[in-house]
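Protein chains in written order, with the UniProt record's numbering: chain A, 1 to 397; chain B, 1 to 291. C-beta atoms are modelled at their ideal positions from N, C-alpha and C, and glycine is treated no differently.
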């Protein structure tokens, strides 16, 4: 009885709390927040976002900021843990009063942020995590945006590449047993069916697994001549080594989990492994990329572009900050709701793509700004991940 | 046939790691009736320090030896400060918490210093896979179970033939009686922890070329090594080594014929069943505690 009474009073009080907090929410400031992993195994993801966002903000501030005020960047660590991501979301929205929150590296965190982002009504722009459902979440109005790859489109892109090189038409899929890997399985299945090819092996593995010979043998015996990877570097290395042990040499095409240090881990076995990315600082750069790389060099003391792990994250965050700044100018205000609406009309010639417009309110799939035609295929070549056109692998195709 | 051979060979390689880790647990338990739950992190320390040594420009063999030695020192220091103060009375279990705590601290420290990425350790043993009856395996992988068996035999000889080894057995049998006979119990226990840590760090150096060195590599290997030690009977050195190799092979067959996801379910399920049927482990001797 008592509990029921308490609950009822809570329910009664809730609208009041919202009403009371509204005036507080109305004073957003020129600040962009980010919750990402800055410690733990994926710390390089948070670092990449920081580099891209900070440099973009410096450039914008050098030209006078937004609406006459300087933009600020705040970043909090979630270490890949969803509860901490949720906590950081509230902190960025309510304590720092930022205009927009940028997403982090882990898909599980982004999915968990959907709820608080909508409860608060702050626009969220993902810059790394690629999980389809985080952004295509069925909400209306949807406050989740993304300037990064989307698993559904990556799956289609990879399968298209696979269909081009496969002679037998048989494809194998290796994916990690996590939210990211399992989330991609339906996307890959659908894409393979659509391409009229056959998915003959779907093989899973866990983080830290040391040997994947059983999986490699099953894929080999099923006759697959192309293997798609949804793996991180460490496990990707174990798969290529296991394939080597059982004498299996398929063409390997992977999502960007193997864009970190696979070349160092697997040595020559990584040669020819293709990886989809949104951007790469390796190889020859266009003037825009060159200018950004020089700023990164100066600001973070890097010597070689290969020191940037997850260059896609740097470029995505860089573009995302520009898109947000333009949306604020268009909205003429730091107000969350107005900025969200303005995001749909931003046009921007960015580093990764020409955003024209960045997002489309009439298409639920277009809460994503980077389209499959902007995805870039890179390939491991003697320890370096290069744009495929600049290597012998690209010329052979 | 080739398939079964492949699973057996791959399983032996993994099982060899479990066996080496379990052997460390056996050594510690037989001397102190306590173990270092951070033993998996001793393995990680060996692997990570070897990679850092190579980074610093040391030749590979020297870097490996220094890493193993550092692992041994870690074991000795850990025994002195995280185990000995907490094993005073018969029922004390404080060492469980302290060793787990040290393990977590070491892992966090390694993540901070070493970064999140896995790093390779070069070795001539992984340059080219060799084929045995159609099954492929790296020479390094065959080396691991071999080292486990040799280490086990070496430890048995040490126990049977040397004064220190006999003292270890005496301490294991009855601390107070051994102490009354003039054996420095604390020194023997410290020695056992050091020896176990040497084996642990050596295991790390041996597996790093195959599975790469990373700050998080130790936790699961440590846990599985402990499980294997319990299944095999923690009081029997041959028991834990055989159980380790068998456990590795069983895992590969489950992965091959059922699924990877089922591996831990079957593995740890088997552990519980074995303990129900053989409370002392498969090869363990019944221990009689006199109160």
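Contact defined as beta carbons within less than 8 Å: I believe residue 27 of chain A pairs with residue 99 of chain A. What is the distance between those atoms, to the nearest angstrom?
Contact flag wrong, Cβ pair sits at about 11 Å.
Taking C-beta pairs closer than 7 Å, name the residues in chain B that residue 311 of chain A reaches, listed in chain order.
Result: empty, since nearest Cβ-Cβ is about 15 Å, beyond 7 Å.
Shorter than 8 Å from the beta carbon of residue 220 of chain B to some beta carbon of chain A?
yes
Pairwise C-alpha distance: residue 140 of chain A and residue 133 of chain A
14 Å
Any C-beta of chain A under 8 Å from that of residue 232 of chain B
no
Who are the near neighbours of residue 87 of chain B in its chain, counting only those whose CB is closer than 7 Å to its CB and skipping five residues on each side?
32, 34, 95
Name the residue from B:279, B:196, B:224, B:38 whose alpha carbon lies nearest to the alpha carbon of residue 263 of chain B.
B:224
Buried or exposed by the 16-neighbour rule on C-beta atoms within 10 Å, applied to residue 210 of chain A:
buried
Would you say residue 70 of chain B reaches chain A, if we count a Cβ-Cβ gap shorter than 8 Å as a contact?
no
How many angstroms separate the CA atom of residue 346 of chain A from the CA atom of residue 37 of chain A?
29 Å
State the Cα-Cα distance for the pair residue 114 of chain B and residue 257 of chain B, rounded to the nearest angstrom.
37 Å
Short Cβ contact (8 Å threshold) for residue 336 of chain A with residue 122 of chain A
yes
Counterpart residues of residue 137 of chain B in DSSP-defined beta bridges
B:130
Using a Cβ cut-off of 8 Å, pull out every chain B residue sitting near residue 273 of chain A, in sequence order please.
Those within 8 Å of residue 273 of chain A in chain B number zero; the least Cβ separation is about 16 Å.
Check residue 387 of chain A in the structure and name its three-state DSSP category.
strand
Given that residue 350 of chain B touches chain A, what residues does it touch there, using C-beta distances under 8 Å?
With chain B covering 1 to 291 only, the question about residue 350 of chain B has no answer from this structure.
Check residue 144 of chain A in the structure and name its three-state DSSP category.
strand
Candidates A:47, A:164, A:72, A:303: closest to residue 97 of chain A by CA position:
A:72
Straight-line CA distance for residue 384 of chain A to residue 150 of chain A?
24 Å
Within 10 angstroms of its Cβ, does residue 273 of chain B collect 16 or more other Cβ (buried), or is it exposed?
exposed
Can you name the residues of chain B whose CB is closer than 8 Å to the CB of residue 233 of chain A?
117, 118
Can you find a CB in chain A that lies within less than 8 Å of the CB of residue 42 of chain B?
no
Check for me: the beta strand (DSSP E) holding residue 380 of chain A runs from which residue to which?
376–381
I'd like the list of long-range same chain contacts for residue 240 of chain A, defined as Cβ closer than 6 Å, with 5 residues on each side in sequence excluded.
266, 269
Quick one: which residues of the region 186–213 of chain A get their C-beta closer than 9 Å to a C-beta of chain B? List them in chain order.
203, 204, 205, 206, 207, 208, 209, 210, 211, 212, 213
Identify every run of the alpha helix (DSSP H) within the region 173–230 of chain B, keeping only runs that are complete inside it and at least 4 residues long; order them along the chain.
175–180, 185–211
What residues of chain A sit near residue 162 of chain B, judged by a beta carbon separation below 7 Å?
Per Cβ cutoff of 7 Å: no residues; residue 162 of chain B is ~35 Å from chain A at best.
Considering residue 76 of chain A, what are the terminal residues of the beta strand (DSSP E) in which it resides?
72–77
Using a C-beta cutoff of 8 Å, does residue 54 of chain A count as contacting chain B?
no
To the nearest angstrom, how far is it from the Cα of residue 99 of chain B to the Cα of residue 84 of chain A?
27 Å
In chain order, which continuous runs of the beta strand (DSSP E) of length 3 or greater are located wholly inside the region 220–247 of chain A?
226–230
Nearest-angstrom beta carbon gap, residue 260 of chain A and residue 44 of chain A [assumed within contact, 8 Å]:
7 Å
On the criterion of 16 or more Cβ atoms from any shown chain inside 10 Å, does residue 348 of chain A qualify as buried, or is it exposed?
buried
Less than 7 Å separating the Cβ of residue 126 of chain B from some heavy atom of the ligand MN?
The model on display carries no ligand, and the ligand MN is accordingly not part of it.
With H, G and I counted as helix, E and B as strand and the rest as coil, what does DSSP make of residue 284 of chain A?
coil
For residue 35 of chain A, three-class secondary structure by DSSP
strand
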